[in-house]
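S.K.: Chains as they are written, first to last, in the working numbering: chain A, 1 to 266; chain B, 1 to 302.
Just so it is clear, CB atoms sit at the ideal spot from N, CA and C, and this is done for glycine as well.
So that we are looking at the same thing, I have put the structure below in C-alpha cells.
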Amino acid sequence: MNKIKTIIRKEWAEVFKNRMVIFTVAFLPLLMTALPLGIIFATRDASTGTGEAIDSQLPSEMTQSMCPQGLNGAECFQVFMVSEFMMMFMIVPVAIPVTIAAYSIVGEKTTRSLEPLLATPITTIELLIGKCLAAVIPAVLATYAAFGLFALGSWLIVANKMLLTALLDARWLIAIFIVGPLLAVMAVTFSLMVSSRVSDPRVAEQVSMVIIVPVLAGFFGQMAGLFVLNKQVISVVAVVMLALDALLVYLATRVFQRESILTRWK
Amino acid sequence: MIHTENLTKKFGTILAVEGLSLDVREGDVFGCLGPNGAGKTTTVRMLTSLIGPTGGSATVNGFVLGKQDTDIRRTVGVLTETPGMYDNLSAEYNMQIFAELYEVQDVKGQVEKYLRMLGLWERRFDSAGTFSKGMKQKLAIARALLHEPRILFLDEPTAGLDPEASHLVREFIAELKKEGRTIFICTHNLDEADRLCDRVGVFKTRMLVVDTPANLRASVFGRKIVFHLCAADEGLASAVRKLPFVREVKLVENKLLVNLDDPEVHNPDIIRTLIGAGADLQFVGELRHSLEDVYLQLVKAA
C-alpha cells in the first residue's frame with residue numbers, strides 16, 4: 001500500500017508541475033458545467049408555462065421515465081435538455097485521465113526512468129494500481145467538483161423545486177458517483193495497456209483517445225433519441241462497467257511484461 | 001554472493017548469454033568486460049531479476065533467481081546503463097521516492113547520508129534535470145545505495161563522464177569496496193577495471209575467462225622482465241637463454257626482454273648469470289601489459 005501511495009505522489013508531483021495539465025484538468029469540467037447551466041438559465045422562463053407547446057414533441061419514453069407528475073411540458077423539456085448533458089459529464093472522467101495515463105509508462109521509457117523503477121521491489125500490480133489511481137483520482141474529483149457546481153448553479157437558477165429534484169435525481173447520482181469513476185478506471189486501464197505496448201508517447205495518446213468514442217457514441221445516440229438514459233439503463237451500464245473494469249485490470253497486468261518493455265525498447 | 005550455473009538467455013533465435021557459470025565472493029569487486037552486444041547488460045538484468053533467464057540457474061545474495069525475485073530486488077542495488085531520473089523533480093525527492101520503494105526505514109536520514117557523501121546535498125532542492133551528466137550519474141549511484149545493498153551492480157558507471165567526474169565515481173567505488181560490499185561492474189574502461197576489480201571476466205556471449213587482472217596478464221602474455229644493460233649483445237642473450245626456467249629472450253637495443261613464470265624466484269639467477277658473463281647491469285624492471293592488451297588478445301581469439 002505504501003508503494004502505491006509513493007507512486008501516486010510521484011505521478012502527481014511530475015504531472016502537476018506542468019501548468020498546462022492543471023489547465024486541462026480544470027477546463028473541461030468547467031465547460032461541461034457551464035453548458036447545461038447556460039441552458040437552464042436560458043430556458044428558466046419555461047417553468048412559468050410559456051413553452052407548453054413543446055410537450056407533444058418530447059419522446060414518450062422520456063416523459064414517462066424522467067418527468068415526475070406535476071411538471072408541465074416546458075419543464076419536462078428543460079429536464080430533457082439538461083439530461084442530454086449527463087453524457088457530457090461522463091466524458092470528463094474519461095477524457096481527463098487518458099492523456100495522463102497514456103504518458104505514464106511510455107513516458108518513463110523515454111526518460112529511461114522505468115528500468116530503475118522496475119529494479120525496486122515494487123510488484124507489477126502495485127505499479128499499475130499506483131499509476132491508475134494517480135490518473136483516476138484527479139479526473140473523478142474534477143467530475144465531482146463540476147457536478148457540485150452544476151447542482152449549486154441549478155439550485156440558484158431554478159425556482160421550481162420539483163424541477164430541481166427531477167434534474168438532480170438518482171440517475172444523475174448513479175451516473176456521477178458510480179459510472180463516472182468506473183468509466184475513468186476503464187479509460188485509464190486501457191491507456192496504461194496502450195502505454196505499455198507502444199514506444200512513442202504521441203502514439204500512446206492518439207490510440208488511447210479511442211476510448212472516448214463509445215462515450216461520444218452514447219452521447220449522440222441519446223441526442224438522436226435512440227435510447228433514454230433512465231435509472232434502469234444507468235444501473236445496467238454501471239454493472240457492465242464494473243465487469244469491464246475487472247477484465248481490463250486483469251488484461252493490463254498481463255500486457256505489462258517487464259521483460260518485453262525493457263528489452264524491446266530502444 | 002552471486003552464483004550462476006549455465007545461465008542462458010535467448011531472445012527468439014538470438015543467443016544473448018550462453019551458459020554463464022560464475023562465482024562472485026562476498027566483498028569481491030568483479031569486472032565484467034566485453035564488447036558492445038556481448039551480453040553484459042543482459043547478464044546484469046538477469047542477476048537483478050529484471051528479466052528472466054531461458055536456461056540455467058542462479059542465486060543472488062542467497063535468493064533463487066526466478067523464485068525469489070522480489071527478495072533479490074530488495075537486497076541488491078543497480079546502476080542501470082542509462083539511469084533516468086525524474087527530471088522535473090528535485091534531487092532530494094528523486095531519492096525519497098526510491099527510498100520509499102526500497103522500504104528504507106529512515107528515509108530522510110539515508111537520503112541525506114548519500115547526497116552528502118556524493119557532494120550533492122547543497123543542490124538537493126534543484127531539479128534533477130538541471131544536473132550535469134556527472135552529477136546525474138552520482139545521483140543514480142546514490143539512489144542505488146539508499147537501501148544499503150550488500151551487492152551492487154554497476155553497468156558502465158563512468159560511461160560518458162569527463163575525466164574528473166570519472167575519477168570521482170571511481171574513488172567512490174573504491175570507498176564502497178573498502179566497506180566490504182560486493183560489486184559487479186560492467187565496463188568498457190579497462191583501466192578502471194584494472195584499478196578497481198579483484199577479478200575480471202572477459203565476456204562475449206559466454207564467459208571466456210575469469211581471473212585476477214595480474215593472473216590474466218601472466219596467462220596470456222607470461223611475465224616479461226626487462227634487464228637494462230650498458231651494452232648488450234647476442235652472447236649475453238645466449239647465456240640467459242641457456243637457463244632452464246627461461247621461456248624466451250629477446251635482444252632489443254641494450255635491453256634483454258626475458259619471459260619467465262616466476263621472476264621473484266629466478267631474477268637473482270639471471271642477474272648472476274649476466275654479471276658472470278661480463279654485463280654491466282643498469283636496472284631491472286617488469287614490462288606490464290595493459291589489461292587492454294589482454295582483453296584484445298582474448299576477444300580476438302574468441
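Identify which residue in B:Ser-127, B:Lys-177, B:Asn-254 has its Cα closest to the Cα of B:Asp-280.
M.R.: Checking every option, the nearest Cα to that of B:Asp-280 belongs to B:Asn-254.
S.K.: Straight-line CA distance for B:Thr-75 to B:Arg-150?
M.R.: Their Cα atoms are separated by approximately 7 Å.
S.K.: Since A:Leu-262 meets chain B, which of its residues come closer than 9 Å, beta carbon to beta carbon?
M.R.: The answer, in chain order, is Arg-45, Leu-50, Ile-51.
S.K.: Please confirm whether A:Ala-53 has its beta-carbon closer than 9 Å to some beta-carbon of chain B.
M.R.: Reliability fails at A:Ala-53, whose pLDDT of 48 lies under 50, so the model's placement of it is uncertain and the value that follows must be treated cautiously. Not closer than 9 Å to any Cβ of chain B, the Cβ of A:Ala-53 fails to qualify, so no.
S.K.: Please report the distance separating the alpha-carbon of B:Pro-163 from that of A:Thr-110.
M.R.: The straight-line gap from Cα to Cα measures roughly 28 Å.
S.K.: Does B:Val-78 come within less than 9 Å of chain A when only Cβ atoms are used?
M.R.: Yes - at least one Cβ of chain A is within 9 Å of the one on B:Val-78.
S.K.: Could you name the residues of the segment 222-249 of chain B whose beta carbon sits closer than 7 Å to any beta carbon of chain A, in the order they occur along the chain?
M.R.: Against chain A - using a Cβ distance shorter than 7 Å - the segment 222-249 of chain B contributes no residues.
S.K.: Does the beta-carbon distance from A:Ser-208 to A:Ser-196 come in below 9 Å?
M.R.: No; because the gap between Cβ atoms is not below 9 Å, this pair is not in contact.
S.K.: Is A:Leu-128 close to chain B? Criterion is C-beta to C-beta, closer than 9 Å.
M.R.: With 9 Å as the cut-off, A:Leu-128 does not count as an interface residue toward chain B.
S.K.: Quick check: the Cα distance between A:Gly-148 and A:Leu-37, rounded to an integer number of angstroms?
M.R.: Cα to Cα, the separation comes out at about 12 Å.
S.K.: Answer with buried or exposed for B:Asn-6, where buried requires no fewer than 16 other C-beta atoms within 10 angstroms of its C-beta.
M.R.: B:Asn-6 comes out exposed.
S.K.: Determine the extent of the alpha helix (DSSP H) in which A:Ser-260 is found, giving its start and end residues.
M.R.: Segment 258-264, the alpha helix (DSSP H) holding A:Ser-260.
S.K.: State yes or no: is the beta carbon of A:Ala-267 nearer than 9 Å to at least one beta carbon in chain B?
M.R.: No statement about residue 267 of chain A is possible, as the shown extent of chain A runs from 1 to 266 and does not include it.
S.K.: Which whole-angstrom value is the C-beta distance of A:Leu-28 and A:Phe-85, which I expect to be below 8 Å?
M.R.: So it is not a contact: roughly 13 Å between Cβ atoms.
S.K.: Kindly list, in the order they appear in chain A, the residues whose Cβ is closer than 9 Å to that of B:Pro-83.
M.R.: By Cβ distance, chain A contributes Arg-112, Ser-113, Glu-115, Pro-116.
S.K.: At the level of alpha carbons, what is the spacing between B:Ser-57 and B:Thr-4?
M.R.: If you take the alpha carbons of B:Ser-57 and B:Thr-4, they lie about 6 Å apart.
S.K.: Per DSSP, A:Met-295 is paired with what?
M.R.: As displayed, chain A neither begins before 1 nor continues past 266, which places residue 295 of chain A out of reach and without an answer.
S.K.: Would you say A:Ile-96 and A:Ala-42 are within 9 Å of each other, going by their C-beta atoms?
M.R.: Contact: no.
S.K.: Where B:Ala-16 and B:Glu-122 are concerned, what is the direct C-alpha to C-alpha distance, given to the nearest angstrom?
M.R.: Cα-Cα distance, rounded: 43 Å.
S.K.: For B:Thr-59, which of helix, strand or coil comes out of DSSP?
M.R.: In this structure, B:Thr-59 counts as strand in the three-state DSSP scheme.
S.K.: Buried or exposed for B:Gly-129, please, with buried defined as at least 16 other CB atoms from any protein chain shown within 10 angstroms of its CB.
M.R.: So B:Gly-129 counts as exposed.
S.K.: With a cut-off of 9 Å, does the C-beta of A:Lys-17 fall near any C-beta of chain B?
M.R.: Closer than 9 Å to some Cβ of chain B, the Cβ of A:Lys-17 qualifies, so yes.
S.K.: Ordered along the chain, which non-local residues of its own chain (more than five positions away) have a Cβ less than 8 Å from that of B:Asn-287?
M.R.: Here the sequence assigns Leu to residue 287 of chain B, which means Asn is not the residue at that position. If we look at B:Leu-287 and ignore the five residues flanking it on each side, its Cβ neighbours are Lys-224, Ile-225, Val-226, Leu-257.
S.K.: Just the C-alpha distance for A:Lys-267 and A:Ile-100, rounded to the nearest angstrom, thanks.
M.R.: This structure gives no information on residue 267 of chain A, because the portion of chain A shown stretches from 1 to 266.
S.K.: At a Cβ threshold of 9 Å, is A:Arg-254 touching chain B?
M.R.: Not an interface residue.
S.K.: Within the continuous beta strand (DSSP E) that includes B:Thr-8, where are the two ends?
M.R.: Here the beta strand (DSSP E) through B:Thr-8 covers 2-11.
S.K.: Output yes or no for whether 9 Å exceeds the beta carbon distance between B:Gly-39 and B:Gly-52.
M.R.: The answer is no: Cβ separation not under 9 Å.
S.K.: Using DSSP with H/G/I as helix, E/B as strand and the rest coil, what is B:Phe-283?
M.R.: Residue state, collapsed to three classes: strand.
S.K.: Just to confirm before moving on: does the CB-CB distance between A:Thr-165 and A:Leu-248 stay below 9 Å?
M.R.: Going by C-beta atoms, A:Thr-165 is not nearer than 9 Å to A:Leu-248.
S.K.: To the nearest angstrom, how far is the alpha carbon of B:Lys-250 from that of B:Ala-237?
M.R.: Answer to the nearest angstrom: the Cα atoms are 7 Å apart.
S.K.: Please look up how many angstroms separate the CB atoms of B:Leu-161 and B:Gly-201, rounded, as I've assumed it's under 8 Å.
M.R.: Not really, about 23 Å apart at Cβ, beyond 8 Å.
S.K.: Just list the residues that DSSP pairs B:Thr-130 with in beta bridges.
M.R.: B:Thr-130 pairs with nothing; no bridge assigned.
S.K.: Helix, strand or coil for A:Val-255 per DSSP?
M.R.: Reduced to three states, the DSSP call for A:Val-255 is helix.
S.K.: Going by alpha carbons, who is nearest to A:Ile-178 out of A:Arg-112, A:Ala-145, A:Leu-167, A:Met-241?
M.R.: That would be A:Met-241, whose Cα lies nearest to the Cα of A:Ile-178.
S.K.: Below 7 Å on C-beta distance, what does B:Asn-88 contact in chain A?
M.R.: The answer, in chain order, is Glu-14, Lys-17.
S.K.: Assuming B:Thr-182 contacts B:Glu-26 under a Cβ cut-off of 8 Å, what Cβ separation, rounded to an integer in Å, is found between them?
M.R.: So it is a contact: roughly 6 Å between Cβ atoms.
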